[in-house]
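Colleague: Let me give you the structure first, and then I'll get to my questions.
There are 2 protein chains.
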Amino acid sequence: MMKDAVIEHGESSMAPLVAASVAAGGVGRAVSIADVFLRFLAIVATIGSAVSMGTTNETLPFFTQFIQFEAKYSDLPSFTFFVAANAVVCTYLVLSIPLSIVHIVRPRAHYSRLILVFFDAAMLALLTAGASAAAAIVYLAHKGNVRANWFAICQQFDSFCERISGSLIGSFAAMVLLIALIFLSALALARRH
Amino acid sequence: MMKDAVIEHGESSMAPLVAASVAAGGVGRAVSIADVFLRFLAIVATIGSAVSMGTTNETLPFFTQFIQFEAKYSDLPSFTFFVAANAVVCTYLVLSIPLSIVHIVRPRAHYSRLILVFFDAAMLALLTAGASAAAAIVYLAHKGNVRANWFAICQQFDSFCERISGSLIGSFAAMVLLIALIFLSALALARRH
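This is how it looks when you write it as structure tokens:
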């Protein structure tokens with residue numbers, strides 16, 4: 001009778017601990033799988049943006065008529081920065097995939113998650129800087145600015161403007177994905193105990 | 001003798017746990033104090049940027065000679081966005097200070113840290129977008145662009161250009177501080193156990 005009571009007490013005090021531990025491991029694993037998935041989406045988005053912006057000069061044959069007004073992404077430094085930022089973030093995301101997969105196997109790892117949070121935040125800043133600088137120039141190309149005497153160039157370069165505007169979408173999607181990735185890593189760190 | 005051994009065993013198994021617990025609390029508190037400090041620095045940086053950009057039209061009296069070329073931050077939408085982004089981030093940082101102070105008192109809080117990580121990341125994206133869009137236009141104002149037929153306006157508006165260039169510094173400093181804040185929150189979450 002006494003022994004049973006002890007065992008029962010022992011079980012009842014262990015059970016919530018074990019359950020919490022399993023739940024934490026489950027949350028960590030689910031978060032890690034979502035992490036890998038979102039990283040793949042972000043890779044696709046940044047590649048799409050970089051390629052779409054980077055190939056704009058080749059795909060518009062009618063620009064050959066205007067010899068001095070041929071429009072390329074490399075004519076504007078902001079667009080070159082945009083392509084570079086997307087390429088760097090994409091490379092980082094590819095390199096971070098193995099670490100992210102390790103987290104599925106070991107959901108309780110925390111220092112490696114810390115490293116990912118730091119680099120994710122830095123890459124979020126880099127990608128946002130590239131996307132936003134390009135967006136500022138795209139806006140100027142569409143609207144121009146009367147006060148600064150800068151004319152809208154999209155009247156002449158209609159298809160060019162459409163393409164560069166479209167290529168921003170991938171970067172802005174990747175920004176949202178990176179914010180989600182930072183949050184997921186923090187969630188995994190918070191639930192790990 | 002038996003009793004002594006049991007107590008000794010009990011102490012030796014408890015001691016590392018208590019030490020680890022105290023150390024984790026200490027790290028959490030130190031991180032929370034650094035968090036509040038960095039938030040104050042970021043508030044000063046974003047206020048400085050917003051005010052410096054926002055007051056540029058008032059402090060350059062020689063612009064009154066040029067009636068149609070008077071330079072204000074509100075002439076360019078990117079600068080208006082820059083001021084708005086800095087103001088929003090500054091407001092958020094002021095509102096987050098009380099929560100950050102709560103973390104000094106309760107270093108083990110984790111869901112509130114999770115909320116801070118998420119909003120810090122979102123504010124990092126907003127601030128970077130504002131700073132980068134303004135930087136792209138500042139670059140254009142300094143260098144112009146031959147291909148797009150946009151002329152550099154900094155030859156005429158020298159002081160204006162100096163001020164708007166200078167006002168970017170605060171935003172870029174605040175960006176670095178926000179990345180540090182995200183890392184610190186993640187560090188506090190990782191060490192909390």
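Each protein sequence line maps, in turn, to chains E and L. In terms of full-length UniProt numbering, the first sequence opens at residue 1 and continues consecutively. In terms of full-length UniProt numbering, the second sequence opens at residue 1 and continues consecutively. Here a beta-carbon is modelled for each residue, glycine too, at the ideal position from N, C-alpha and C. Model, not experiment: these values are computed from the prediction.
By the 10 Å Cβ neighbour count, where 16 or more other Cβ atoms means buried, how is residue 178(L) classified, buried or exposed?
Modeller: Within the second sequence, numbered from 1, the residue matching residue 178(L) stands at position 178. Residue 178(L) comes out buried.
Colleague: Residue 152(L) to residue 162(E), Cα distance in whole Å?
Modeller: Counted from its first residue, the second sequence places residue 152(L) at position 152. Counted from its first residue, the first sequence places residue 162(E) at position 162. Taking the straight line joining both Cα atoms gives about 25 Å.
Colleague: Under 7 Å Cβ to Cβ from residue 154(L), same chain only, skipping five residues before and after it: list those, please.
Modeller: One-based indexing of the second sequence puts residue 154(L) at position 154. Once the five neighbours on either side are set aside, the close Cβ partners of residue 154(L) are 141, 142, 161.
Colleague: So for residue 86(E), helix, strand or coil by DSSP?
Modeller: What you label residue 86(E) is simply residue 86 of the first sequence in a count that begins at 1. Three-state result, residue 86(E): helix.
Colleague: For a cutoff of 7 Å on Cβ pairs, would you count residue 115(E) as touching chain L?
Modeller: Counting from one through the first sequence, the residue named residue 115(E) turns up at place 115. No, its Cβ sits nowhere closer than 7 Å to a Cβ of chain L.
Colleague: Residues of chain L with CB closer than 9 Å to the CB of residue 98(E), please, in chain order.
Modeller: Along the first sequence, one-based indexing puts residue 98(E) at 98. Simply none; closest approach about 20 Å.
Colleague: Do you know how far the Cα of residue 169(L) is from the Cα of residue 174(E)?
Modeller: Residue mapping note: residue 174(E) aligns to position 174 of the first sequence, counting from 1. Residue mapping note: residue 169(L) aligns to position 169 of the second sequence, counting from 1. The straight-line gap from Cα to Cα measures roughly 26 Å.
Colleague: Please report how far the alpha carbon of residue 115(E) lies from the alpha carbon of residue 78(L), in whole angstroms.
Modeller: As a working mapping, residue 115(E) is identified with position 115 in the first sequence. As a working mapping, residue 78(L) is identified with position 78 in the second sequence. Cα to Cα, the separation comes out at about 33 Å.
Colleague: Give the interface partners of residue 183(E) over in chain L, defined as CB-CB distance under 8 Å, in chain order.
Modeller: Taking the first sequence and counting its residues from 1, one reaches residue 183(E) at position 183. Near residue 183(E) (Cβ distances below 8 Å), the residues of chain L are 114, 117, 118, 121.
Colleague: I'd like to know if the region 128-138 of chain L and the region 106-114 of chain L are in contact, where contact means that at least 3 CB-CB pairs between them fall below 8 Å.
Modeller: Too few Cβ pairs lie closer than 8 Å, so no.
Colleague: Report yes or no: do three or more beta-carbon pairs, one from the region 93-101 of chain E and one from the region 33-44 of chain E, lie closer than 8 Å?
Modeller: These segments touch.
Colleague: Based on DSSP bridge pairs, tell me the residues matched to residue 149(L).
Modeller: Along the second sequence, read from residue 1 onward, the residue named residue 149(L) stands at position 149. Residue 149(L) is not bridged to any residue.
Colleague: I'd like to check one pair, residue 192(E) with residue 28(E): are the Cβ atoms closer than 7 Å?
Modeller: Here residue 28(E) is taken as the residue at index 28 of the first sequence, counted from 1. Here residue 192(E) is taken as the residue at index 192 of the first sequence, counted from 1. In this structure, residue 192(E) lies closer than 7 Å to residue 28(E) by Cβ.
Colleague: For residue 63(L), count neighbouring Cβ atoms within 10 angstroms of its own Cβ and tell me buried if that reaches 16, exposed if not.
Modeller: Counting from 1 along the second sequence, the entry for residue 63(L) is found at position 63. In this prediction, residue 63(L) scores a pLDDT of 49, lower than 50, which makes its location untrustworthy; the coordinate-derived value is nonetheless stated afterwards. Buried.
Colleague: Roughly how far, in whole angstroms, is the beta-carbon of residue 85(L) from the beta-carbon of residue 126(L), given that I think they are within contact range, below 8 Å?
Modeller: Here residue 85(L) refers to the residue found at position 85 of the second sequence. Here residue 126(L) refers to the residue found at position 126 of the second sequence. Right, their Cβ atoms sit about 5 Å apart.
Colleague: Is any beta-carbon of chain L found at less than 7 Å from that of residue 39(E)?
Modeller: Against the first sequence, residue 39(E) aligns to sequence position 39. It does not: the Cβ of residue 39(E) has no partner Cβ on chain L nearer than 7 Å.
Colleague: Looking at chain L, is there any beta carbon in it that lies within less than 7 Å of the beta carbon of residue 55(E)?
Modeller: As a working note, residue 55(E) is residue 55 in the first sequence. False, the Cβ-Cβ gap to chain L never drops below 7 Å.
Colleague: To the nearest angstrom, how far is it from the Cα of residue 99(E) to the Cα of residue 188(L)?
Modeller: Position 99 of the first sequence holds residue 99(E). Position 188 of the second sequence holds residue 188(L). Those two C-alpha atoms are separated by around 21 Å.
Colleague: With DSSP as the reference, label residue 46(L) as helix, strand or coil.
Modeller: Here residue 46(L) refers to the residue found at position 46 when the second sequence is read from its first residue. Note: residue 46(L) maps to helix in three-state DSSP.
Colleague: Check the Cβ of residue 78(L) against every Cβ in chain E and list those closer than 7 Å, keeping chain order.
Modeller: By 1-based counting over the second sequence, the position of residue 78(L) is 78. Those are 136, listed as they occur along chain E.
Colleague: So is residue 226(E) in contact with chain L if we call contact Cβ pairs under 7 Å?
Modeller: Chain E is shown only over 1 to 193; residue 226(E) falls outside these bounds and no answer can be derived.
Colleague: How should residue 26(L) be labelled, buried or exposed, when 16 other C-beta atoms within 10 angstroms of its C-beta is the threshold for buried?
Modeller: Taking the first residue of the second sequence as position 1, residue 26(L) is located at position 26. Classification of residue 26(L): exposed, given that the 10 Å Cβ count is below 16.
Colleague: Helix, strand or coil: which one does DSSP assign to residue 142(L)?
Modeller: For this step, residue 142(L) is matched to residue 142 along the second sequence. Helix.
Colleague: Taking only beta-carbon positions, decide if residue 177(L) is within less than 7 Å of chain A.
Modeller: Reference to chain A is not applicable here, since the protein chains of this structure are E and L.
Colleague: What does residue 132(E) touch in chain L if you count any residue whose Cβ is under 7 Å from its own?
Modeller: Walking along the first sequence from the start, residue 132(E) turns up at place 132. Correct list: 128, 129, 132, 133.
Colleague: Excluding sequence positions up to five away, which residues of its chain have a Cβ less than 6 Å from the Cβ of residue 185(E)?
Modeller: For the purposes of this step, residue 185(E) is taken as the residue at position 185 of the first sequence. 113, 116, 117.
Colleague: When you compare the CB of residue 29(E) with every CB in chain L, is at least one pair closer than 7 Å?
Modeller: Against the first sequence, residue 29(E) aligns to sequence position 29. Not closer than 7 Å to any Cβ of chain L, the Cβ of residue 29(E) fails to qualify, so no.
Colleague: Considering only their Cβ atoms, is the gap separating residue 138(E) from residue 167(E) smaller than 7 Å?
Modeller: Here residue 167(E) refers to the residue found at position 167 when the first sequence is read from its first residue. Here residue 138(E) refers to the residue found at position 138 when the first sequence is read from its first residue. For residue 167(E) and residue 138(E), no; Cβs fall outside 7 Å.
Colleague: Using the rule of at least 16 other Cβ atoms within 10 Å of the residue's Cβ for burial, across every protein chain shown, is residue 83(L) buried or exposed?
Modeller: For the purposes of this step, residue 83(L) is taken as the residue at position 83 of the second sequence. By the neighbour-count rule (16 or more Cβ atoms within 10 Å), residue 83(L) is buried.
Colleague: From what residue to what residue does the alpha helix (DSSP H) around residue 189(L) run?
Modeller: In the second sequence, counting from the first residue as 1, residue 189(L) sits at position 189. Note, residue 189(L): alpha helix (DSSP H), 158-191.
Colleague: Assign residue 77(E) to one of three DSSP states: helix, strand, or coil.
Modeller: In the first sequence, counting from the first residue as 1, residue 77(E) sits at position 77. Helix, per DSSP.
Colleague: With 7 Å as the threshold, decide whether the Cβ of residue 104(E) is near any Cβ in chain L.
Modeller: The residue labelled residue 104(E) in the question sits at position 104 within the first sequence. Answer no: the Cβ-Cβ gap between residue 104(E) and chain L never drops below 7 Å.
Colleague: Just the C-alpha distance for residue 30(L) and residue 71(E), rounded to the nearest angstrom, thanks.
Modeller: Working through the second sequence from its first residue, we reach residue 30(L) at position 30. Working through the first sequence from its first residue, we reach residue 71(E) at position 71. Approximately 54 Å, taken between the alpha carbons.
Colleague: Can you find a CB in chain L that lies within less than 7 Å of the CB of residue 142(E)?
Modeller: For the purposes of this step, residue 142(E) is taken as residue 142 along the first sequence, with counting starting at 1. It does not: the Cβ of residue 142(E) has no partner Cβ on chain L nearer than 7 Å.
Colleague: Tell me the rounded alpha-carbon separation between residue 89(E) and residue 53(E).
Modeller: Walking along the first sequence from the start, residue 89(E) turns up at place 89. Walking along the first sequence from the start, residue 53(E) turns up at place 53. Distance between the alpha carbons of residue 89(E) and residue 53(E): 15 Å.
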